[in-house]
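Below you'll find the structure, written out as structure tokens, and then a few comments.
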Amino acid sequence: MTLNHYFFCCLGIIKREIFRFFQQRSRLFSALVRPLLWLIVFAAGFRAALGVSIMEPYGTYITYQEYIIPGLCCMIVLFNGMQSSLSMVYDREMGSMKVLLMSPLPLPFLLCCKLIAISFLSLMQVYVFLLCAQLVDVDISLFGYLTAAPAIFLIAFFLGALGLLLSSLIKQLENFAGVMNFVIFPMFFLSSALYPLWKMQEASLWIYWLCQYNPFTYCVELLRFALFGQLNLTAFIVILSATVLTAVLALISFSPKFSQQR
Amino acid sequence: MGIVTNNLSFTYGKKKALNNVSLSLTAGFNVLLGPNGAGKSTLFSLLTGLTQTAQGTIHINENDLHKSKSKIMAKMGVVFQQSTLDLDLSVKQNLLYYAALHGIAPKKALINIELILSQLSLTERLHDKVRTLNGGHRRRVEIARALIHQPNVLLLDEATVGLDVESRLLIISYVRNLCAKRDICVLWTTHLMDEVESSDQLIIINKGEIQAQAQSSELCEQYNVDDIYQLYFTLTHTTEAV
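Protein chains in written order, with the working numbering: chain A, 11 to 272; chain G, 703 to 944.
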């Protein structure tokens, strides 16, 4: 196998994910409606009740809408990562997974391509959301758009790998929905997506510590800084380490030997 | 070129699905015949590498499946019993995806796809979604897919199950023609005896064990029976296959 083979294979997997995504138009619609509802309805209501004082990376007081933008972007990425992994469970149940396993190219490479495809779709959805967010006076500089891309890609890769790991452990589609409730919602709510952690610290110390140990908090913070053209080094290191660990575990869990043992 | 297995055994928990299966298949049309639960699908799963061998060895094209899986897969085409097509994608998208998994450039793949689809009378359905195709057409797409990368070993697991007579005949005659034209080793797994011809290499499997393996006409002679039906009944003591 030459580099060309690997290139065409990766391109083929990405294309397939894009085709599938656009075949399911409702998926794009729901991916956008969910965070837009949070932004337009939820945040508007809370805007009056909550003020966010000056904190990094913001140089001045900001509106609540502006504060939750990175969290909502990560919410899109989280849902997309989990939904794409759900498709792996579906593929396995329907038998399409066998096609992937019949490839002469190594399985870890194929799964990495799948993760790249998932990340690419997440990136696209987040940009569409950010463009919609401009309508409610959330301003992001052109530079912010550019610097956010690698951060979104890394976060999407991490959450996609997490979804992949979960999908390898779940045997039936029905079980997947249940697990989502125990993963998506705790991850999202126990993070800095909707409220700054210092506010959480004042309210409940143990929840604050749960948030501190939640990798999703670092996803949100990485993107928050990236949208301002800055790098949150701690968040970057945490997410990078979590990505490597989760991806390795996901790849191991998909190996035929491991699957057979289960 | 071909498939060789040596003392292949496999168990599901305590149930022995395959017991010391030794096979030697060369280029040509090889039929694996056996009743339901005989171990055909387990053997198929082991030959495709989807299940790892616990005991025994498998060599395909003189390569050990355990050590050179990638090399083997590059030259192996498979049609599974259960449909593995993506229903939401078109025929073309499905086939291009499979070609990509083999690292074939889209341009080159399209040339192969158009040629195979024309042979299978499916050219007009190239842009149709798989969901809109009937069972016979879907099966033909799966066969086309298994041939895109020009394999020299082709495995088909009950490829005609559930199809009408016309589709069955078309598919089996296409694979037979392919065998005649190209130096290709075909393993046709079935429980339908009318799909066996006297010139085929026949392997009869029952309760996880190979009962007989030779040209079907030779086996009929050897067991002193008139046809495949009697041969099958003699060797398996069952009337389950049709």
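In this text, a Cβ means the ideal position worked out from N, Cα and C, and glycines have one as well. Since this is a predicted model, take the numbers as computed values, not measurements.
- At a cut-off of 8 Å between beta-carbon atoms, S113 (chain A) makes contact with chain G.
- Within 10 angstroms of the beta-carbon of N926 (chain G) lie fewer than 16 other beta-carbons, which makes it exposed.
- Neighbours of L110 (chain A) in chain G, taken as residues whose beta carbon is under 9 Å from its own, are L803 in chain order.
- Here F782 (chain G) is not near R878 (chain G), since their CB atoms are 8 Å or more apart.
- Contact note: Q33 (chain A) reaches chain G through D790 and L791, using a C-beta cutoff of 8 Å and chain order.
- Its chain contains P853 and V855 as the residues whose beta carbon lies nearer than 6 Å to that of M778 (chain G), once the 5 sequence neighbours on both sides are disregarded; these appear in chain order.
- Collapsing the DSSP output to three states places I150 (chain A) in coil.
- Against chain A, a Cβ distance below 7 Å from F782 (chain G) picks out G105 and K108.
- In the assembly as shown, V780 (chain G) is a buried residue. Its beta-carbon has 16 or more other beta-carbons within 10 Å.
- Taking 3 residues as the minimum length, the beta strand (DSSP E) runs contained wholly in the stretch 837 to 880 of chain G are 855 to 859, in order along the chain.
- R37 (chain A) does not reach chain G, its nearest Cβ partner there being about 11 Å away, counting only Cβ pairs nearer than 9 Å.
- When Cβ-Cβ separations below 8 Å define contact, Y714 (chain G) makes no contact with chain A.
- Cβ contact annotation for V723 (chain G) (same chain, cutoff 8 Å, sequence separation greater than five): T707, N709, L710, S711, G741, L745, G758, I907, G910, E911 and I912, in chain order.
- For a Cβ distance threshold of 8 Å, residue set D788, D790 and L791 of chain G lies close to R30 (chain A), ordered along the chain.
- Neighbours of A719 (chain G) in chain A, taken as residues at a C-beta separation under 8 Å, are lacking, since the least C-beta distance is about 13 Å.
- Residues of chain G whose Cβ lies closer than 9 Å to the Cβ of I23 (chain A) are, in chain order, Y799, A802 and L803.
- Residue burial annotation: P737 (chain G) is buried, with at least 16 other C-beta atoms found within 10 angstroms of its C-beta.
- Contacts with chain G at 8 Å (Cβ-Cβ) do not include M98 (chain A).
- As DSSP reads the structure, S726 (chain G) sits in a beta bridge with G:V706.
- Distance from the Cα of H761 (chain G) is smallest, within the candidate group G:T753, G:L749 and G:Q754, for G:L749.
- Assignment of alpha helix (DSSP H) within the stretch 92 to 141 of chain A, counting only whole runs of 4 or more residues, yields 107 to 111 in chain order.
- The stretch 821 to 839 of chain G makes no contact with the stretch 763 to 773 of chain G: fewer than 3 CB pairs, one atom from each, lie closer than 8 Å.
- Looking at A:G91, A:E103 and A:L110, the one whose alpha-carbon comes closest to that of G22 (chain A) is A:L110.
- Under the criterion of beta carbons closer than 8 Å, F168 (chain A) and A236 (chain A) do not qualify as touching, at roughly 14 Å.
- Comparing C-alpha distances from E844 (chain G) to each of G:L904, G:A801 and G:S918 shows the shortest one belongs to G:A801.
- Note that the stretch 36 to 52 of chain A touches the stretch 130 to 139 of chain A; at least 3 beta-carbon pairs, one per stretch, sit closer than 8 Å.
- When DSSP reads this structure, W890 (chain G) sits in a beta bridge with G:V733 and G:L858.
- With a threshold of 16 other beta carbon atoms within 10 Å, D885 (chain G) falls short and is exposed.
- Scanning chain G for C-beta atoms nearer than 9 Å to the C-beta of N14 (chain A) yields G805 and A807, reported in chain order.
- DSSP places N908 (chain G) inside the beta strand (DSSP E), whose first and last residues are Q903 to N908.
- Annotation for Q917 (chain G): S900, S901, D902, Q903 and L904 place their beta carbon closer than 8 Å to its own, counting only its chain and skipping 5 residues before and after.
- Annotated as proximal: S177 (chain A) and S95 (chain A), with beta-carbon spacing under 8 Å.
- Flagged as an interface residue toward chain G: R26 (chain A), by a C-beta distance shorter than 8 Å.
- Boundaries for Q917 (chain G): no alpha helix (DSSP H) harbours it, while the beta strand (DSSP E) harbouring it runs E911 to Q917, taken from the DSSP string.
- The Cβ atoms of D859 (chain G) and T891 (chain G) sit closer than 8 Å to each other.
- M775 (chain G) belongs to the set of residues whose beta carbon lies under 8 Å from a beta carbon in chain A.
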